[in-house]
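Read top to bottom, the protein sequences are chains C and D. Under this note's numbering, think of the first position of the first sequence as 1, with each following residue one higher. Under this note's numbering, think of the first position of the second sequence as 298, with each following residue one higher. Think of the CB as a built atom: it goes at the ideal place given N, C-alpha and C, for glycine as much as any other residue.
Number of protein chains: 2
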Amino acid sequence: MNTDVPSATPARIRTPEPGDPRLARLALNQRTTANWSLPEAVRGCAAAGIGAIGVWREPLAETGLARAARMIADAGLRVSSLCRGGFFTTGNTSDDNLAALDEAAALSCPTLVLVPGGLPEGSRDLHGARQRVAEAIAELVPHARARGVRLGIEPMHPIFAADRGVISTLAQALDLAEAHPPDVVGVVVDTFHLWWEPGVLDQIARAGPRITAYQVSDWITPLPPDALLSRGMVGDGHIDFTTFTRAVIDAGYRGDVEVEVFNAEVWAAPGAQVLATCARRHAELLAPHLPREGRST
Amino acid sequence: MNTDVPSATPARIRTPEPGDPRLARLALNQRTTANWSLPEAVRGCAAAGIGAIGVWREPLAETGLARAARMIADAGLRVSSLCRGGFFTTGNTSDDNLAALDEAAALSCPTLVLVPGGLPEGSRDLHGARQRVAEAIAELVPHARARGVRLGIEPMHPIFAADRGVISTLAQALDLAEAHPPDVVGVVVDTFHLWWEPGVLDQIARAGPRITAYQVSDWITPLPPDALLSRGMVGDGHIDFTTFTRAVIDAGYRGDVEVEVFNAEVWAAPGAQVLATCARRHAELLAPHLPREGRST
């Protein structure tokens, strides 16, 4: 447990124990431990002293909504986000998004993360796809408001513009979000997706109360062969988490900090070791920049 | 020769023959036929009726500057660009950039393409690296002016922000370029790097006479494992070349259209077949949007 994964380097600090105030706002996004079921992830968080979890809909469906909600509540965990709604560009996903909103409400989850979707098969109309995202969000807004769940538009790294997310910058996500009230439509700030964006610190300030989730992972080089699994553990790559995190806090964000690392080597490591590394990196690189007053969003 | 590479699909049109007006502005960037020496590429262009070549410095050095200049002139080719100068962020490259300007001048090449460079080893200071690029360009400007060679700032896809090019959007490149006269500092518009940029058509219009090179390749999915070799042949991917090319022409650009495809499968194909595919795709997808009056830049 005193070796970081997947770097196999010695841990730089002792692993914070459950109750350590530095863990107060750390959340585990389930995709960081993709080989764990939801019950395993819940038990893992409880054992590691991680107080919140970002839930994915596929493992949620495997466990069953009612059972999952009970289990999460019994473990005393918050649900920091539900991943994912959206995929607006490649067909009618309206029913699926309504189901996702119901699930988020049942989990007392504040935010449904919206992955915009890529270009439809054979299409080269990026502008049209972006328009479709704006329209679909507008259609979803009354339903989100009715359920008390905030929509979180996730701008995605341009590496995914063709096949996953046509909204490519925080500036562009805010242009979309600002057509709607901030308590209904927010934005997801993800370091992997946004670290390169010119002027991103100004955009984070502009986002202010629209920031509805803060997700962290690193940009590593050489980029792993599968673009979808190319995220690094926080601290292993090129992202300046100090500057980024301070900007998010200065913008008023007081929610959880979700570690979301899609990476084949992380997935191959034992879950408990992954969580221990996440806890150490969070305590070292993120917690010092978070206010101590606890979670208030 | 009637099969496109690397798609192995039947050619949709007959290969344009040398002298075909549709080829008037097609240029071969040498990296599209990376296994060819410079003399081979020059002979290949002449045989295919391609009137311009984008030269790379490494094969240029192998051939020798004087010999290369003579050979290119004897073949009646224009040099559309010299690749690459720059790499400003990772050490003192001043002498190397001055040498590159001399080479461009000797080749009567209008533009030295500047690859900005990535983050210095171990650095997470993206803002600082971007500042360094601005300073280094300013230092290079009087030397470029003295040699009559235009500096072409190449904004690069954010996939390369960490390790190759910290200038990530055309908007950002123009912010840098506009500190200098347009005849000395321009921008390189490359479809692969920029197709995803929100508002890119407006930025192309803003660029106007600053556009000093227009390079084309496609964005293909799934992305090949090596990010550096992930470019597709024009027409094989997701980019709308019609809209992009019209914007570049509407902005006033009258230079060559350089096909630049870094792709292992393209490199593995016979060079003549690669050039035939480039000629067909250019005639089909790009030439219809170019003015017929010929090259005037």
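Contact set for residue i: own chain, Cβ-Cβ below 7 Å, skip 5 residues either direction
{"i": "Val42 (chain C)", "result": "Ile53, Met71, Ile72, Ala75 and Leu77"}
{"i": "Ala331 (chain D)", "result": "Trp564"}
{"i": "Gln466 (chain D)", "result": "Here residue 466 (chain D) turns out to be Thr, not Gln, going by the sequence shown. Here the set comprises Pro452 and Glu494."}
{"i": "Ser132 (chain C)", "result": "Correcting the residue type first, residue 132 (chain C) is Arg in the shown sequence and not Ser. Result list for Arg132 (chain C): Phe88 and Thr89, in chain order."}
{"i": "Leu525 (chain D)", "result": "Phe559"}
{"i": "Gly591 (chain D)", "result": "Here Gly591 (chain D) scores only 46 on pLDDT, less than 50, and its place in the model should not be relied on; the value that follows carries that caveat. Cβ neighbours of Gly591 (chain D) beyond the five flanking positions: Ala321."}
{"i": "Glu276 (chain D)", "result": "Residue numbering for chain D in the displayed model covers 298 to 594; residue 276 (chain D) lies beyond these limits and cannot be assessed."}
{"i": "Leu65 (chain C)", "result": "Glu103 and Ala106"}
{"i": "Leu357 (chain D)", "result": "Leu335, Ala365 and Glu400"}
{"i": "Thr574 (chain D)", "result": "Asp301, Val302 and Met530"}
{"i": "Arg503 (chain D)", "result": "Leu471"}
Residues that DSSP places opposite residue i in a beta bridge
{"i": "Pro307 (chain D)", "result": "D:Thr300"}
{"i": "Gln512 (chain D)", "result": "D:Asp487 and D:Glu555"}
{"i": "Ile153 (chain C)", "result": "C:Leu114 and C:Val187"}
{"i": "Asn29 (chain C)", "result": "C:Gly54"}
{"i": "Gly165 (chain C)", "result": "C:Gly117"}
Chain-order list of residues whose beta-carbon lies under 6 Å from that of residue i (same chain, five-residue window excluded)
{"i": "Leu201 (chain C)", "result": "Ala247"}
{"i": "Gly232 (chain C)", "result": "Asp218 and Ile220"}
{"i": "His282 (chain C)", "result": "Leu26"}
{"i": "Gly532 (chain D)", "result": "Arg578 and Leu582"}
{"i": "Leu223 (chain C)", "result": "Ser230"}
{"i": "Ala161 (chain C)", "result": "Ser168"}
{"i": "Gly462 (chain D)", "result": "Val412, Pro413 and Met453"}
{"i": "Pro182 (chain C)", "result": "Pro209 and Arg210"}
{"i": "Val194 (chain C)", "result": "According to the sequence as given, residue 194 (chain C) is Leu; it is not Val. So the qualifying residues of the chain are Leu170 and Val200."}
{"i": "Asp190 (chain C)", "result": "Gln215"}
{"i": "Pro313 (chain D)", "result": "Arg319, Leu320, Ala576 and Ala580"}
{"i": "Pro18 (chain C)", "result": "Gly49"}
{"i": "Val173 (chain C)", "result": "Here the sequence assigns Ala to residue 173 (chain C), which means Val is not the residue at that position. Excluding residues within five positions, the ones whose Cβ falls inside 6 Å are Ile153, Pro155, Ile167 and Val187."}
{"i": "Ala584 (chain D)", "result": "Arg319"}
Own chain residues within Cβ distance below 8 Å of residue i, not counting five before or after
{"i": "Thr300 (chain D)", "result": "Thr306, Pro307, Ala308 and Gln570"}
{"i": "Leu587 (chain D)", "result": "Ala321, Arg322, Thr542, Ile546 and Val554"}
{"i": "Ala134 (chain C)", "result": "Leu176 and Ala179"}
{"i": "Glu62 (chain C)", "result": "Ser37 and Leu38"}
{"i": "Cys247 (chain D)", "result": "Limits of chain D in this structure are 298 at one end and 594 at the other, which puts residue 247 (chain D) out of reach."}
{"i": "Thr594 (chain D)", "result": "Residue confidence is low: Thr594 (chain D) scores 43 on pLDDT, short of 50, so the model does not pin down where it sits. Its coordinate-derived value is still stated next. For Thr594 (chain D), where only same-chain residues beyond five positions count, the Cβ hits under 8 Å are Pro407, Tyr550, Arg551 and Gly552."}
{"i": "Glu337 (chain D)", "result": "Thr330 and Gly568"}
{"i": "Leu423 (chain D)", "result": "Leu416, Ala458 and Val463"}
{"i": "Asp240 (chain C)", "result": "Trp195"}
{"i": "Gly148 (chain C)", "result": "Ala105"}
{"i": "Arg354 (chain D)", "result": "Leu379, Cys380, Arg381, Ala397 and Glu400"}
Proximity test, residue i beta-carbon vs the ligand PLP heavy atom, cut-off 8 Å
{"i": "Ala8 (chain C)", "result": "No copy of the ligand PLP occurs in the structure displayed, which carries no ligand at all."}
Q. Per the contact definition of three or more C-beta pairs closer than 8 Å, is the stretch 539 to 556 of chain D in contact with the stretch 270 to 288 of chain C?
A. no
(Q) Just to confirm the assignment: which complete beta strand (DSSP E) runs, minimum length 3, are found wholly within the stretch 519 to 567 of chain D? (A) 554 to 556
Q. Could you give the uninterrupted runs of the alpha helix (DSSP H) lying entirely in the stretch 372 to 441 of chain D, keeping only those of 4 residues or more?
A. 391 to 403
Q) Should the stretch 204 to 211 of chain C be regarded as contacting the stretch 176 to 195 of chain C, the criterion being three or more beta carbon pairs within less than 8 Å? A) yes
(Q) Any contact between the stretch 390 to 399 of chain D and the stretch 439 to 446 of chain D? By contact I mean 3 or more CB pairs, one from each, below 8 Å. (A) yes
Q. Any residues in the stretch 465 to 477 of chain D with a beta carbon nearer than 9 Å to a beta carbon of chain C? Which ones, in chain order?
A. Ser465, Thr466, Ala468, Gln469 and Asp472
**Q.** Positions along the stretch 85 to 111 of chain C whose CB lies within less than 7 Å of some CB in chain D
**A.** none
Q) Going along the chain, which residues of the stretch 151 to 169 of chain C sit with their C-beta nearer than 7 Å to a C-beta in chain D? A) His157, Pro158, Ile159, Ala161, Ala162, Asp163, Ser168 and Thr169
Q: Pull out every residue of the stretch 518 to 538 of chain D whose Cβ sits closer than 7 Å to any Cβ of chain C, in chain order.
A: Thr518, Leu520, Pro522, Ala524, His535, Ile536 and Asp537
Q: Could you list the residues in the stretch 422 to 447 of chain D with a C-beta less than 9 Å from some C-beta on chain C, going in chain order?
A: Asp422, Leu423, His424 and Arg427
Q | chain D contacts from the stretch 187 to 200 of chain C (Cβ-Cβ distance under 9 Å) | A | Trp195, Trp196, Glu197, Pro198 and Gly199
Q | the stretch 259 to 279 of chain C: positions lying closer than 9 Å to chain D by Cβ | A | none
Q) In the stretch 35 to 65 of chain C, which residues sit with their C-beta less than 7 Å from some C-beta in chain D, listed in chain order? A) none
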